[in-house]
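Below is one structure; the comments refer to it alone.
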Amino acid sequence: MASSDPRTDPLTFFEENRYFCDEDASIGKLVEELEKQGIAESHRGLEIAKPKLLANSNVRPIIEPYLSRPDIRLCTSLGEDPNHRFVLSLEPGQKEHIIVHLWSPGSEAELYRSSHLDPPGLPPLKAAQASNGLLELAGAVLKKRMYSPVTVKMERGGIAVMDRRFCFRIVKGFTVTYDLHMNATELAVAR
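Written out as structure tokens, the structure is:
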């Protein structure tokens, strides 16, 4: 099945692929400001970011249910670490969670397509606990499973939304990362 075009139907693309990225200079500037104020890794930082995130018509339909009354499970900043690949969870069936990365200007990342899925006939992924609190996956394991990297360049900064099981690598720049859980009311509506 052919994937939807992310430029014309971001929500369907996200639902099919469990990731979506959009370069957005206003978010890039916001990331720098949140870091400068020292509030990037806080609930307050997300509250300040919320209007800019919802103003982005491409990501709004994806993230709005998670931002109506945010249930934040993690707020952290992650810097470039080109030799390591991370994931927030290995547990399947967590569509009520999304990871939102707000990228600084000049950022580059690799997202590993289909890494949120376990291929038939292979055991579930295993990972080691990383020093940053996330889980780290070995590059050889990703290659064996044929999870192909998608290079994402955010020259002006931007946003990436993905499944909690989506593996990523930060090649350049940094991201303010939020693990958001859909609140109970929104979850009931979604079902």
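Residues 1 to 191 in this note's numbering are what the sequence shown spells out, letter by letter.
Note that CB positions come from ideal geometry on N, CA and C, so glycine has one too.
Met-154 is bridged by DSSP to Ser-107.
Along the region 83-150, the beta strand (DSSP E) occurs as fully enclosed runs of 3 or more residues at 85-87, 97-103, 107-112 and 135-137, listed in sequence order. The C-alpha of Leu-122 is placed about 45 angstroms away from the C-alpha of Lys-36. The C-beta distance from His-116 to Arg-165 rounds to 4 angstroms, short enough to meet the 8 angstroms contact threshold. The straight-line gap separating the alpha-carbon atoms of Arg-69 and Asn-183 is approximately 7 angstroms.
In the DSSP secondary-structure assignment, Arg-169 is bridged to Glu-110. In the DSSP assignment, Ser-77 falls within the beta strand (DSSP E) that extends over 71-79. Selection Gly-93, His-181 and Arg-156 evaluated against Gly-173 yields Arg-156 as nearest (Cα-Cα). Collapsing the DSSP output to three states places Glu-23 in a strand. Taking 8 angstroms as the cut-off, the beta carbon of Val-176 is found closer than this to the beta carbon of Ser-77. In the assembly as shown, Ala-109 is a buried residue. Its beta-carbon has 16 or more other beta-carbons within 10 Å.
One Cα belongs to Gln-94, the other to Asn-17, and the distance between them is close to 14 angstroms. Inter-segment contact for the region 84-93 and the region 125-132 is present: three or more beta-carbon pairs are separated by less than 8 angstroms. In the DSSP assignment, Ile-159 forms a beta bridge with Asp-22 and Leu-102. At the C-beta level, Glu-32 and Ser-104 come within 8 angstroms of one another.
Straight-line spacing of the CA atoms in Ser-26 and Asn-58 works out to 14 angstroms. Thr-8: not part of any alpha helix (DSSP H); DSSP gives it neither H nor E.
Counted as a single uninterrupted DSSP element, the beta strand (DSSP E) harbouring Val-176 occupies residues 174-181. Cα atoms of Ala-55 and Gly-79: separation of roughly 26 angstroms, rounded to the nearest angstrom.
In the structure shown, the three-state DSSP call for Asn-17 is helix.
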